[in-house]
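Asks: For the sequence shown, the UniProt record's numbering assigns the number 1 to the initial residue and increments by one for each residue that follows. The beta-carbon is built from N, C-alpha and C at its ideal position, and this holds for glycine as well. Next up is a structure, given as structure tokens.
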Amino acid sequence: MKFLERLNPKQAYVVLLVISLLLAVLFLGLLPANVPMQWGMDGNVNYTFPKQVAVLLLPALSVYWTFRGWRRADLANLGWGLLCLVGISGIFTFISVMY
């Protein structure tokens with residue numbers, strides 16, 4: 001836990017933003033033109049978003065959590081930002097493999 005004690009919160013949020021931007025660029029190349037956003041009980045896609053709109057979700061959520069944590073200069077919101085990043089990246093990875 002000494003690593004967390006020495007970690008500068010603002011640097012950690014900048015790293016979160018950079019990672020989310022890099023992943024957004026990566027997913028722009030991997031995802032289909034229309035990204036499925038909801039599946040019905042029968043397995044059919046109910047609606048889709050254009051991939052540019054769907055991929056914008058990654059940096060937008062990271063920016064939100066960064067601004068929340070930046071004001072306080074603590075790491076409390078970093079976990080939520082990382083959770084969003086991992087969750088959305090996992091979903092996009094699934095979609096890029098399946099479609």
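Leaving out the 5 sequence neighbours to the left and right, which residues in its chain are closer than 8 Å to Pro50 when beta-carbon positions are compared?
Replies: Answer for Pro50: Ala33, Asn34 and Val35, listed in chain order.
Asks: If you check the beta carbons only, do Leu22 and Leu82 fall under 8 Å apart?
Replies: In this structure, Leu82 does not lie closer than 8 Å to Leu22 by Cβ.
Asks: Cα-Cα, which of Trp80, Leu56, Gln52 and Leu57 is closest to Trp65?
Replies: Cα-wise, what sits closest to Trp65 is Trp80.
Asks: In whole angstroms, what is the alpha-carbon distance linking Leu56 and Trp70?
Replies: In a straight line, the C-alpha of Leu56 is about 21 Å away from that of Trp70.
Asks: Within 10 angstroms of its Cβ, does Ala24 collect 16 or more other Cβ (buried), or is it exposed?
Replies: Buried, since its Cβ has 16 or more Cβ neighbours within 10 Å.
Asks: Starting from Pro9, trace the alpha helix (DSSP H) in both directions and tell me its first and last residue.
Replies: Unbroken alpha helix (DSSP H) run through Pro9: Pro9 to Leu30.
Asks: For Tyr64, which of helix, strand or coil comes out of DSSP?
Replies: Residue state, collapsed to three classes: helix.
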